[in-house]
Structure formats: structure tokens, C-alpha cells
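Contents: one structure, followed by commentary.
In UniProt numbering, the protein residues as written are 1 to 1178.
Below, the structure written as C-alpha cells:
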């Protein structure tokens, strides 16, 4: 069907009515051939608007627009009427009114039309091609009208409304301004359809022609005026300005825009040389196997294959060698490749495609460059700040396409600003007649600050995730371009000489790289490439390349980089345990809401590990994406080829994952790129790097296939694996030849809980049940009730049987009591078994019931048992308490919950000093034995295990006649003990709280005087004690009895205890200096508590009996019979409360162990300020 033919589908009555209205608008005068306006032109124009609005828009038929295009309304009437309004005719209200009416018709007639597959009707397919060609004619007429400047007249129509202040402006004024801007948008948006024939010179409606007309008719100045006033004088016009800028700038190379004429010429010449070089390389590869002049005779070959079948190959190219023969066979095959069943991305769209390259004339480039510079200086920040707020608030004027245009323009202007900045660095000075231009030393990043704030980053990340989830690939491509340019701008700021720019860049990089969700999103987008087209592929690979490079650099500069990771967790609400008669839980609205699972984010901070992050890119889908890019190697620029090379190099050699490249199609592509046919040009930039990398990949592949393994068949398995992609489960095996050994970490038991001792005994079980119900574990409570009930029945049966057995037995026979057998708790399923190990609240309930757990703490299979001590009556009483607490939860004082009455069970010896107190004040966190103003009490020495052969010590038994204390007396004693401990702790002087001051000379002198005095007295005391002990020992060299030594020790111990709190007793201090030492030689010296126990048990027991029962004399030169020589024991810490008795006992023991003869002079130990040092002079 001819698109220029008059449509026969339009209703004849509609066509006749529209034709009569068009004739009534006006026509050529019979006097001077000028245009004459009809008498009712204004009313007729209004009628035409009603027809467009009420017929075309409501019926969605496009019939009126088709009739108006066939009647030539725009070129024959509307433009003629606008031309009749002279430049100086401001007061002519009729002409201005007609001009406004013409503008109201021009906007819908030039509004771009397109076919939508889901909404297009048969009428659309008939009318749209004709209307698209008609709109191209409208644009040509508007831009090149001979007698008037149509676009300037449109500005004059809206100028009175623009001059009004914002608060005084009416809705009509805003509408007129929008009409003007929409008219400019339509003119910039209309292009020649590529699938329709052209009706004139396409250069007349090209981008260059549009830019030149916009400059000549001062449309750029009007756009700058509105753009700089956005947010103040103008508010709702931001999205229209966005569309105009998008259709003016899309496809224009921003870097080339700021080059000089000579630089542009040089670049175009270099591009032409590169294309000619590619063509020459292609011809050279063809000439290798080109047919000779004898090819007219023809050639036909029969090729015998391995299966004895014959194949026929024709052509001279098949007789050169074997490889060319098989290549000719492969080229002659036809493969019906399965078609992709998904929705393919539309590669070409005149209105929305921004990957197309648009070339401008030198004149248009100069005009657009000046406009872009002025726009960056005055209108960029107001426009994009207003647009960001509108998009965030989801205003009605913001449509889905505006998101894509918004992010694309951000990337375009950031690249333009970078090009301008680079041009400023290359030039020594700027033109002096351009006041808007700046000096290179000034901060140029302030002109683009509106898109470098946190709000823009949040919006960008959100829109990127939404586009990826909705599979809106063009929107996602725009966000990727924007993100890439932001990263490059931040990198330029970091390399700036200005410290303020460097600080801002550091802050921006920290905010961008802080979120782990951004890292994961980039990885997901790279993995998700399938059939989105080359423009999308180029955008995602460039974004990944820049992101990884900048993150690696930033992580090296900031070693302690922290990132915030978010993991999705699901939490199920508590379920009620009450069931109805049928055993089903009643459902209502509240219960349904409680049963829903709510997703929430668990946020945690961790240190960033670049190796861990880069490993996310080392997967087969990421490799496939870059392989898809490499398939375009004949059309890629050197920068794009370098991008792919860096990824494969990092994968194969930095991370040693060459096995991911061992796939038949990948290896064939690499071989074709280097060796041909139709490979890379050897003179291309970067060819040497590709050649070395491919060579190493093939070498490693051969070594991988010929690897020596324990079994057989590795080579065959490797060949099979080369046909398929590698999955993560087998990558380690294929790379190393053996399975990865994963050590499973033993499960860690939960913290053991206990009910606070302040809770009465009869309420502890109720607390344990309440904490289970509070944590939505009513099912476990039911299971425990069932187990307790069964155990009670079983234990009652055993008790009845035991009673009957006792009654039957004879009175003369002594019946020994038999303990009841333990009852094992058997979980009903695997989840219950894990709960018995992991659930600390369930374990608390079982422990409170008196159940025991057999086995190690880390044993998952450890069993729970009911011990024989628990009677049936106790179990029945516990069961009743559980039921009472379940259906009538207990209440606690001070509005406390069950969680407030439990605590972690203290472990180890620290629990006595720093554990939770039993008092209520300690439970609340303010009280206990330790006050913040006090010093921490000294820890007791841990008792030692008895040596082999050592007899157990007997403790002194208390009198059985002693009366049992009442609860009041126990509390009184506890208070007295607490008071005593406070008084004792208040006197402790800790070095942690003493500030040393070297300037206090008097204090230093006093300190050294006291130290010398203590050293002198200590030396005398020890020397006299050693000599006395040697004298009492006799001259036969036998070991002394310990009775005397023990008595002296007890006496001295008594003195020590009595003078414990006397700080100024010098004599006691001299005697205690050796006992208070923190270091000693022997490891066998008991602590103070053990010494006191030993003294209370048996004062007459010799020391030798506790040391192994040896009382015979042993010469000093011979070792102990039956034992290895004892090595000298190292210094170790002991308690400061060690008594003098223990010290003398150790001295005696040391003398015995040395076995020194009595007649030989004793060599005393050196004493230094409370430290005993072993002397090796003997």
C-alpha cells in the first residue's frame, strides 16, 4: 500500500467536515497572492482542536490527523498565520490570539506517533507510516520556513507568561509555557524513519540542522532561562526541559564536542586509517586461499571420513591443505539454530535509543559546545536537583521514560564536564571574552555537585535494582552508564591537586563502597546478561571494569575498609497452643496475621576483603558475558578489547582459574582471534598481549589434559568436560585433580541458662515455662508435658512393683534397696533432637525439672535422662506446675517478665568474684559485692590435683549438734560478710589506679629507703631461718621431721593472719616479704587455702609423706631411685596471700630435694626486694 495515497478507511463524512474547516481557516488572496485569514479563523481553529481531542483521542483512530495531513493544514495555513505576526506587533491582540491557537494545533499534530505492539490496531498500521512522513515534512517546514522564524514566534507567544512572577502566574500561563516547550520537544524529537522512503534531503531535518536553527532563533537562550530558574521561578517544566535536552544530546560524543577543529580532523583521519587497516588485514587473510585464474575449470573433491563415509567438497579453496578442506566443509554447513524464546530487546528505536552515534557538522558542534558550557555553568544543578525531588516524590508529571532520560543525561553531562576539564588542562589559558568560562585552578566540580550527593546515590541504587528486577534493560543500561561516569568523576576528583576535592572524593568512595548490596548488584547484573544487545553489553562490562579497578585501588589505600552487609532473615511469629475440640486451632484475623512470616534485614559490619569480592566474578556466567563481548572483536575499539583482556588475565593468572576457559567454543574463539582465519590484525594495539595470553591458556590446557593422576581416564574425562560449562561443585576437582576436603566444625553448644537464685524455688519451673511461651515454643512445652506424664506413669509403676516386692520378701531376709532405673528422653523427630542441643530455653526447662544430660557438651547425640532420685510424685507435681504456668502465666514484681529472671550460668572460678549476685540489686545492675569505686578483689588460687600416690587430705568435720540457721540469720551473716568484703576492698591499693609521677623526688627517696630496709630485714630473717633449720637437722645428713617445721609454720601463719590489716607493722612486713612474692621456683607449693586445710586436718603428718612417702636419706650426688632427674622448674605466679608457713615449708622441701650435706656451709639464696632467685654457685 502506498503511504502517500489517500486513505479509503476514513469515514467520508469526517473527511468532508475536516476539509470544510480547513478551507474556512484561510487561503491565498486573489489580489497579491498573499495569505488571507478567514473571518472565523479563530473559531475554526478551536473546532479543529475539539475534533482532535474528542474524535481522535477518544476513539483512538488517528483519522482526523490523517485528514489534516492530507489537507496540508500545517504548511498551508498554520505557518502562514504565524508569519503574519510581525516582530513589532506586540499590541496586536488578534494576531497573538491566532498565534496561540496555531501553537495549540501544532503541538498535537507534531506529537510523535509510534506503533505499540500491545495497543496497535488495524487503523494504526494504516495511518502511522503516513503520519510519520507528514511530521518529517512539518519539521522541515518549521525549521526552514522562508518568511519567518517559527520557533522564535513560539517564544514570543509564551514570553508574557514567562515574565509573570511565579506566585502571580495562572494555570493558563503555565499551560502556554508548556505548549512552547512541548513544541520544541516535538521538533527535536522528530526524525526520518529508517524504514520509510525519504521525501527530501535528510540533512534538512538532521540533528545538526536542528541545533543550528535552535541557535539562530535563540531557543537555547530560552532553555537556559527556564533551566536556571527551575525550583524558583519555574517548577513543573523540569521534565519537558529534560526531554528536550535528551533528544538534542543523545548519541553525540561529548568528548569530541570539546575538541578543536584540528584535533577532530586528526581523530577522524586516525579512525579512517584504522578502518583501512582492518580492511587490508581482511583482504590479506582472504588472499591466502583466494582462487586462481584456473578456477573456471572448477574443483570437486571426495573426502573419506573416519567412518568410511564419503563427503563431497567443491571449490579450489578446499585443495590447499587439510585444514582448509575441513574449514570449507564447516562453512558449507547450515545450522538451524534454535530461536531464543524470550523477549528480545529492541535494538533500534528512533525515540528512545541512545546507543546510536550521531555526527555533527563543525558549525553545529560549535553552537552545541557553547550551549553545553553555559548549561553546565548555570542550569545543570537546578535542573537535576528539581528532577531528583520529582522522581523521589513520584509526581504525576514524571513518567517511566523520564527515569531513563534522567540517568542518561547525568552520564552525558559528567563526561562533557570531564572533557572540558581535560581540555582546560591541555590549554594554557581560556578565551578572555567568555565570562562564563573559568580558570583551571578553580573548583570545577561545584558545577556538577547536584548529582554527587547521597540522595542521588540512593535513587540510583534503587532504580538500578528496580530495573534489574523488572528486566527493563534500557533503564538498567542508563543507570549503568550513570554509575560508571560517577565513578570516573570521583576518580578524577581523587587525582585532583585540591585537598578539598580529594576529601570529597574520599567521602563519596566510602559511601559507595560501604554497601555490600552495591557489590552484589553489580555481580548479579554481570551474570544476568543473555540477549540484551551490544549497547547493554558494552555498558555492563565497562561498569564492572571501572568498579573493580577503583575498588581495588581504594581497598589498598584503606586497609581497614569496613562494609555493611545485609542478609535476609525470616522470623515466624508465636503460635497459640490452645486448640479446639477437633484438635484444630481456631483461625481469626489476628491469628492469620500472627502466622505470616515477616522478612527483615539483619545488618552487620565486617572488614572488606577484596579477594573475597573478586571471587564473585570468577564464575561461568561472568565468563560467558565477557566471551559474548569478545565475539565482537572485529568491531571493538582498543579500549574495549583491553577491558576483556584484563578480565581474562585476572581470571586465568591472578586467581589461577584457567579451567573456566577450557571449553571448546572459547578455545576455538581464542585460536581464531590469533591464528585466523578472520583474526585480529597483528598491527593492532594490544595484539601482543592477546597473543601471549592465548598462548599461555593453550599451554595450561595441554598440561591440564596430560596431568598424572592416581586413576585412569583423566584425559578422556577432561575432553568431555571441555564440551560443557564448569559448575562450582566440580571446579576444584578439575583444577587440582582431587576433591576438596571440607572440615566440618563441631557444633557449639548454646550458653547454659539458669533461673536467678533470688527467685523462690516453687516459682522457678513457672519461669522456665513462661520463657518458652514468650519465645513461641508452645509445641516444645507440649512435648515436655507428654514426656513428663509418661515418665510419671512409668516411675509410678516401678514404685508399685518395688513396694510389692518388698512386701512379699521374708522378714528375716534383708532386702537391699534398689535404685529406680533412669528414664531416657527420646526425641520424636530430628528437629526435636537438634532443639535438645541448640535450644537454650528448652534445656533450661529440662534442667529445672531435674533432668540430666549424658555426654560431652559438644555431643549432639547426647541423651537426656530422668534420674532415679526423682519420684513419681515429684514428676506429677512438676506436670501440674507446667500446666498451671501454661494456662495461667505467673506475674512477677515490678512488671518484670520471665526473661528478666534468668541469666547465663557462670562458669569457671571467675564466677565467685565477678558473677551475678543473688540479690535483687545485683539483678537490676546496681549493687552486689563489687562497687565501681572499689578495686576488684584478688582471685583465689586454683587448687592443684593430687600427685600420684599422694594421700587425700581429710577435712575437719563439723559438729552434728550444731543448730540449723534460720533464713534471717543467713541474711544477717551475708550482710556482715558483704560489709567486711567492702571494707577489705576499700583498702586495696592497685597499680591500675595509681598515676606515676617522676617529678616527686621526696616520694622516690622514701620508696628507695623503705626498699633497702625491707631487703636488709628480709635477708636477715631468711638467713637465720635457714641456719636454724640446718642446725636442727643433725650431722648425719638425714632428712628432718616435719613436725617442728609445721609447728613453726603454724605459729608464723597465725601472726600473719592477725597482722593482715596492719600496714605499718615493719616487723611483719619483713617476715612477709618473701611470702608475698608473686613469683617462686617450685610448682608444688600449695596455696593459702590448701595450707590452711592441711593444718586443720593433721598437724603431725610429716611433709615427706605428702611428697610421696619417702623418708629415707638420699645422697646429694645420686638421683632419686626409680625416677628421672627433675629439671629445674620455671618461675611461676602464686597468690600474694601465701603464708610464711608455706614459704618455710618450701624452703625445707627445697633443702631436702637438693640433698646437701649438713656439715657443708649452706649457700644462701640471693634476695632482691621480695624475689627469691636460685643460685647456681654450688
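The beta carbon of each residue, even a glycine, is placed where N, CA and C say it ideally should be.
Residue from the options whose Cα sits closest to the Cα of residue i
i            : options                : result
residue 78   : 86, 102, 97 and 67     : 102
residue 519  : 379, 708, 608 and 67   : 608
residue 244  : 214, 255 and 682       : 214
residue 625  : 888, 525 and 394       : 525
residue 251  : 749, 285 and 413       : 413
residue 124  : 138, 62, 764 and 80    : 62
residue 735  : 746, 693, 890 and 662  : 662
residue 848  : 805, 788 and 819       : 788
residue 491  : 543, 537, 550 and 531  : 550
residue 270  : 684, 782, 714 and 838  : 684
residue 854  : 870, 837 and 305       : 837
residue 1193 : 493, 511, 627 and 561  : The first residue shown for the chain is 1 and the last is 1178, placing residue 1193 beyond what the model contains.
residue 564  : 517, 541 and 523       : 517
residue 85   : 72, 179 and 148        : 148
residue 791  : 803, 775, 668 and 873  : 873
residue 633  : 674, 653, 617 and 1011 : 674
residue 711  : 657, 976, 392 and 737  : 737
residue 387  : 493, 691 and 227       : 227
Backbone secondary structure at residue i - three-state DSSP
i            : result
residue 606  : strand
residue 864  : strand
residue 870  : coil
residue 722  : coil
residue 630  : helix
residue 663  : coil
residue 302  : strand
residue 455  : helix
residue 1027 : helix
residue 803  : helix
residue 826  : coil
residue 166  : coil
residue 561  : coil
residue 190  : coil
Residue i, buried or exposed, once every other Cβ within 10 Å from all chains shown has been counted against 16
i            : result
residue 1008 : exposed
residue 200  : exposed
residue 559  : exposed
residue 703  : exposed
residue 1195 : This structure cannot speak to residue 1195, because the chain is shown only from 1 to 1178.
residue 403  : buried
residue 894  : exposed
residue 1179 : No answer is possible for residue 1179: the residues shown for the chain start at 1 and end at 1178.
residue 276  : exposed
residue 912  : With a pLDDT of 42 at residue 912, under the threshold of 50, the predicted position of this residue should be treated as unreliable, and no value is reported.
residue 924  : Confidence in residue 924 is poor, its pLDDT being 40 and thus under 50, which makes the residue's placement unreliable; the coordinate value appears in the next sentence. Exposed, because fewer than 16 other Cβ atoms sit within 10 Å of the Cβ of residue 924.
residue 780  : buried
residue 870  : buried
residue 1258 : The chain is shown from 1 up to 1178; residue 1258 falls before or after that span and cannot be answered.
residue 406  : buried
residue 486  : buried
residue 400  : exposed
Beta-carbon separation (whole angstroms), residue i vs residue j, contact threshold 8 Å
i            : j           : result
residue 334  : residue 212 : Incorrect: roughly 51 Å between the Cβ atoms, too far for contact.
residue 408  : residue 480 : Rounded, the Cβ-Cβ distance is 10 Å, inconsistent with contact.
residue 852  : residue 867 : 5 Å
residue 417  : residue 444 : 7 Å
residue 108  : residue 52  : 5 Å
residue 905  : residue 754 : 4 Å
residue 1180 : residue 794 : Past the boundaries of the shown model lies residue 1180; the chain is included only from 1 to 1178, so the question cannot be answered.
Q | Minimum length 3: unbroken beta strand (DSSP E) runs contained in the segment 16-90 | A | 26-28 and 35-37
Q. Going along the chain, which unbroken runs of the alpha helix (DSSP H) with 4 or more residues stay wholly within the segment 733-787?
A. Taking only runs of at least 4 residues, the alpha helix (DSSP H) segments lying wholly in the segment 733-787 are 764-774.
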